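Peer 1: Dropping the structure in here first, questions after.
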Ligand code: FES
Ligand SMILES: [Fe+2]
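Numbering (our numbering), first residue to last: 999 to 1398.
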């Protein structure tokens, strides 16, 4: 990691010195804005994209005990994430094997048995069908064959992911390029301090794009964030799989948040001198800070509608000071997000009118193009009409 730290410091210095578009880097093609506005592309994403990639479903601290569960209710689905007697976290479609009622209706809870509200079939936290009222009236019901239908589910350092594709590569392989960056950050000591959900009047990519560049920092966050970040030091690495890393030097002490009290000294020097933001394909944005971070995810809810979920992650600490810190952090974070969110609706409208068929991207904004190239690779280029495709131009510029 020491080597990595030096490389990051070097990259940041290089960016501060750079005074021209980098030689040997291609001009980034225009981004076809119909990808944000055409219902046909939304349908393609729903059919060929979302069911084929790893997705954040929960954090382990939301499932503290055997029988704890949360529902993942994005993408028009309902999926149970539960902790079994064996402490394994599993995912199941929230669909009764009798006549498809939802079994769990509360978003989060704890239960010894999951009892379907319709005719009371009962399932264990490990998904087995264990009780059927009036079972004698079913001609051939083998309970061992009617358990809840599982969804691929794997956990990485406390974050629970699901994948609707049973054939997908393991989570560890998928996350490898970004997982490396977290090596010296003690993720295991983190718990959820709060969850915020924002409904947005824009395509999910309009919102996600906003977090993938620092170009808007001084115009949009002039008073809130800009005083804490040396934005011209923004150094970006694109990684295989549509992931990335942004390193930006801090201007004032260890944290980018305006706080009345000192942050807990929980991370190594690298995270104190720089903000390492780790956009994780396909829809996660997170900027690591010694105070904690906001694990943001972006979900489609129609062509021009989406939801942003913010999981606020801090250190295991039950003190009054920590509670006060997070009360303040919640106000801080909501304030910064509000500065971004106010812009999205008009961008969406303008993409929908077709008045800007192609969006022009700067070198600093190349992450927006990179993750969408990967979106097309996951979908399969042959499934996308030509005018909606990304040109595949950045693969040769990926960092190791
Ligand atoms: S639909 Fe669940 S018990 Fe009938
Ligand atoms: Fe912003």
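Every residue, glycine too, gets a C-beta built ideally from N, C-alpha and C. None of the values given here were measured: they were computed from a predicted structure.
As a quick check of your reading: which residues have a C-beta less than 5 angstroms from at least one non-hydrogen atom of ligand 1, in chain order?
Peer 2: After applying the 5 angstroms Cβ criterion, the set is 1094, 1096, 1097, 1099, 1114, 1116, 1117 and 1119.
Peer 1: Let's test the definition: count the other Cβ atoms within 10 Å of the Cβ of residue 1004 and tell me whether it reaches 16, buried, or not, exposed.
Peer 2: Your numbering for residue 1004 matches position 6 in the chain shown. So residue 1004 ends up on the exposed side.
Peer 1: Given a cut-off of 8 angstroms, decide if residue 1065 and residue 1081 are closer than it, judged by their beta-carbon atoms.
Peer 2: Translated into the one-based positions of the chain shown, residue 1081 becomes position 83. Translated into the one-based positions of the chain shown, residue 1065 becomes position 67. Result yes, Cβ atoms of residue 1081 and residue 1065 sit closer than 8 angstroms.
Peer 1: Cβ of residue 1035 within 8 angstroms of Cβ of residue 1367?
Peer 2: Within the chain shown, the letter at position 37 stands for residue 1035. Within the chain shown, the letter at position 369 stands for residue 1367. No, these two residues do not count as a Cβ contact at 8 angstroms.
Peer 1: Whole beta strand (DSSP E) runs in the segment 1068 to 1096 with 3 or more residues, listed along the chain?
Peer 2: Taking only runs of at least 3 residues, the beta strand (DSSP E) segments lying wholly in the segment 1068 to 1096 are 1077 to 1081 and 1087 to 1091.
Peer 1: Is it the case that the CB of residue 1208 approaches a heavy atom of ligand 2 more closely than 7 angstroms?
Peer 2: For this step, residue 1208 is matched to residue 210 along the chain shown. Flag set: Cβ of residue 1208 near ligand 2.
Peer 1: Among 1148, 1322 and 1226, whose alpha-carbon lies nearest the alpha-carbon of residue 1252?
Peer 2: Numbered from 1 along the chain shown, position 254 holds the residue referred to as residue 1252. Measuring from the Cα of residue 1252, the nearest candidate turns out to be 1226.
Peer 1: Straight-line CA distance for residue 1177 to residue 1363?
Peer 2: Taking the chain shown and counting its residues from 1, one reaches residue 1177 at position 179. Taking the chain shown and counting its residues from 1, one reaches residue 1363 at position 365. Their Cα atoms are separated by approximately 23 angstroms.
Peer 1: Given a threshold of 16 other Cβ atoms within 10 Å of its Cβ, counted over all protein chains shown, does residue 1250 qualify as buried or as exposed?
Peer 2: Your numbering for residue 1250 matches position 252 in the chain shown. The residue in question, residue 1250, is exposed, as its Cβ has fewer than 16 Cβ neighbours within 10 Å.
Peer 1: Consult DSSP for residue 1046 and reduce its assignment to one of helix, strand or coil.
Peer 2: By 1-based counting over the chain shown, the position of residue 1046 is 48. In this structure, residue 1046 counts as helix in the three-state DSSP scheme.
Peer 1: For residue 1102, which residues of its own chain have a beta-carbon under 7 angstroms away from its beta-carbon, when the five flanking residues on both sides are left out?
Peer 2: Residue 1102 sits at position 104 when you count from the first residue of the chain shown. The answer, listed in chain order, is 1067, 1069, 1078, 1092 and 1112.
Peer 1: Residue 1031 by DSSP, collapsed to three states: which one?
Peer 2: By one-based count along the chain shown, residue 1031 stands at place 33. In the structure shown, residue 1031 sits in coil (DSSP, three-state: anything other than H, G, I, E or B).
Peer 1: Taking 7 angstroms as the cut-off, is the C-beta of residue 1214 nearer than that to any heavy atom in ligand 2?
Peer 2: Working through the chain shown from its first residue, we reach residue 1214 at position 216. For ligand 2, at least one heavy atom lies less than 7 angstroms from the Cβ of residue 1214.
Peer 1: Look at the alpha carbon of residue 1199 and the alpha carbon of residue 1215, and state the distance between them as a whole number of angstroms.
Peer 2: On the chain shown, position 201 is the one that residue 1199 refers to. On the chain shown, position 217 is the one that residue 1215 refers to. Cα-Cα distance, rounded: 22 angstroms.
Peer 1: Tell whether a beta-carbon distance below 8 angstroms holds between residue 1159 and residue 1152.
Peer 2: Taking the chain shown and counting its residues from 1, the one referred to as residue 1159 is at position 161. Taking the chain shown and counting its residues from 1, the one referred to as residue 1152 is at position 154. For residue 1159 and residue 1152, yes; Cβs fall inside 8 angstroms.
Peer 1: Between the C-alpha atoms of residue 1346 and residue 1386, what's the straight-line distance to the nearest angstrom?
Peer 2: Position 348 of the chain shown holds residue 1346. Position 388 of the chain shown holds residue 1386. Their Cα atoms are separated by approximately 16 angstroms.
Peer 1: Give me whichever residues DSSP pairs with residue 1294 in a beta bridge.
Peer 2: In the chain shown, residue 1294 corresponds to position 296, counting from 1. Note: residue 1294 sits in a beta bridge opposite 1283 and 1308.
Peer 1: Going by DSSP, name the residue or residues bridged to residue 1152.
Peer 2: Residue mapping note: residue 1152 aligns to position 154 of the chain shown, counting from 1. In the DSSP output, where bridge partners are listed per residue, residue 1152 has 1159.
Peer 1: Is residue 1403 near ligand 2, with its Cβ less than 7 angstroms from a heavy atom?
Peer 2: The structure shown does not extend to residue 1403, since the chain is modelled only from 999 through 1398, so no value can be given for it.
Peer 1: Measuring CB to CB, does residue 1116 end up less than 8 angstroms from residue 1094?
Peer 2: Reading the chain shown from its first residue, position 118 is the one you call residue 1116. Reading the chain shown from its first residue, position 96 is the one you call residue 1094. It is a contact, given that the beta carbons lie within the stated cut-off.
Peer 1: Note the first and the last residue of the continuous beta strand (DSSP E) segment covering residue 1248.
Peer 2: Taking the chain shown and counting its residues from 1, one reaches residue 1248 at position 250. First-last of the beta strand (DSSP E) with residue 1248: 1241 to 1248.
Peer 1: Please list, in chain order, all residues of the same chain as residue 1403 whose beta carbon is under 8 angstroms from its beta carbon, the five residues on each side excluded.
Peer 2: The requested residue 1403 does not occur in the structure, where the chain is confined to residues 999 to 1398.
Peer 1: Any idea what DSSP makes of residue 967, helix, strand or coil?
Peer 2: This structure cannot speak to residue 967, because the chain is shown only from 999 to 1398.
Peer 1: When burial is assigned at 16 or more other CB atoms within 10 Å of the CB, is residue 1351 buried or exposed?
Peer 2: If you number the chain shown from 1, residue 1351 lands on position 353. Under this definition residue 1351 is an exposed residue.
Peer 1: So, helix, strand or coil for residue 1142, using DSSP?
Peer 2: To locate residue 1142, count along the chain shown from 1; it is residue 144. Reduced to three states, the DSSP call for residue 1142 is helix.
Peer 1: Within 10 Å of its beta-carbon, does residue 1140 have 16 or more other beta-carbons around it, so buried, or fewer, so exposed?
Peer 2: Locating residue 1140 in the chain shown gives position 142, where the first residue counts as 1. When all chains shown are included, residue 1140 counts as exposed.
Peer 1: Quick one: does the C-beta of residue 1338 sit closer than 7 angstroms to a heavy atom of ligand 2?
Peer 2: Locating residue 1338 in the chain shown gives position 340, where the first residue counts as 1. Yes, the beta carbon of residue 1338 sits closer than 7 angstroms to at least one heavy atom of ligand 2.
Peer 1: If residue 1241 and residue 1298 are in contact, beta carbons under 8 angstroms, what's the gap, nearest whole angstrom?
Peer 2: Residue numbering aside, residue 1241 sits at position 243 when the chain shown is read from its first letter. Residue numbering aside, residue 1298 sits at position 300 when the chain shown is read from its first letter. No, residue 1241 and residue 1298 are not in contact; Cβ-Cβ is about 20 angstroms, not under 8 angstroms.
Peer 1: Looking at residue 1238 and residue 1175, is the spacing between their C-beta atoms short of 8 angstroms?
Peer 2: Position 177 of the chain shown holds residue 1175. Position 240 of the chain shown holds residue 1238. For residue 1175 and residue 1238, yes; Cβs fall inside 8 angstroms.
Peer 1: In this structure, what does DSSP give as the bridge partners for residue 1169?
Peer 2: Along the chain shown, read from residue 1 onward, the residue named residue 1169 stands at position 171. None, per the DSSP bridge assignment.
Peer 1: Considering only the beta carbon of each residue, do residue 1190 and residue 1310 sit closer than 8 angstroms?
Peer 2: Locating residue 1190 in the chain shown gives position 192, where the first residue counts as 1. Locating residue 1310 in the chain shown gives position 312, where the first residue counts as 1. Going by C-beta atoms, residue 1190 is nearer than 8 angstroms to residue 1310.
Peer 1: For residue 1284, which residues in the same chain have their Cβ closer than 6 angstroms to its Cβ, ignoring the five residues on either side in sequence?
Peer 2: Position 286 of the chain shown, counting from 1, holds the residue named residue 1284. 1276, 1291 and 1293, listed in sequence order.
Peer 1: Going by DSSP, what residue range makes up the beta strand (DSSP E) through residue 1237?
Peer 2: On the chain shown, residue 1237 is found 239 positions in, with the first residue counted as 1. Element bounds for residue 1237: 1227 to 1237.
Peer 1: Can you list, in chain order, the residues of its chain with a C-beta nearer than 6 angstroms to that of residue 1162? Leave out the 5 residues immediately preceding and following it.
Peer 2: Position 164 of the chain shown, counted from the first residue, corresponds to residue 1162. 1049, listed in sequence order.
Peer 1: Which one of 1358, 1026, 1073 and 1105 has the shortest CA to CA distance from residue 1296?
Peer 2: Here residue 1296 refers to the residue found at position 298 when the chain shown is read from its first residue. For the residues 1358, 1026, 1073 and 1105, the minimum Cα distance to residue 1296 belongs to 1073.
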